[in-house]
Amino acid sequence: MGDMERTIDLTYAKNALFVRQTVAVAFGIPIDQELTWGFLQDRLCTSGGPEIPERILVRGLSLASIQLEEECQMLRNLLRALGTVHGVVVQIALH
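Position 91 of the sequence shown, counting from 1, maps to 101 under my numbering, and the rest follow consecutively.
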């Protein structure tokens, strides 16, 4: 595994692209390509992808979920897959 922890900060998320770009940046994936959830999951949940941390801290998810419910559900699915495939521990900040 890579470094110990990464943070995905959705505090200022206003649209779907921001959410996907924030995830990509957190894992060092260039954002100059089409960022779909399928692409992100393929890159992060298969071998040969970027380094995966032991823990992921997610900030701003509860607020972002109000405005971007479907997008945040896709993020939750990705985080669940990272837990299954790589044993990543996900922490959701409640503020």
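Ideal Cβ positions, reconstructed from N, Cα and C, are used throughout, including at glycine.
- If you draw a 10 Å sphere on the C-beta of residue 18, you find 16 or more other C-beta atoms in it, and that means buried.
- Every unbroken stretch of the beta strand (DSSP E) spanning 3 or more residues and falling wholly within the segment 55–100 is given here in chain order: 65–69.
- Taking all protein chains shown into account, residue 99 has fewer than 16 neighbouring C-beta atoms within 10 Å of its C-beta and is therefore exposed.
- Here the alpha carbon of residue 37 sits roughly 8 Å from the alpha carbon of residue 54.
- If you draw a 10 Å sphere on the C-beta of residue 63, you find 16 or more other C-beta atoms in it, and that means buried.
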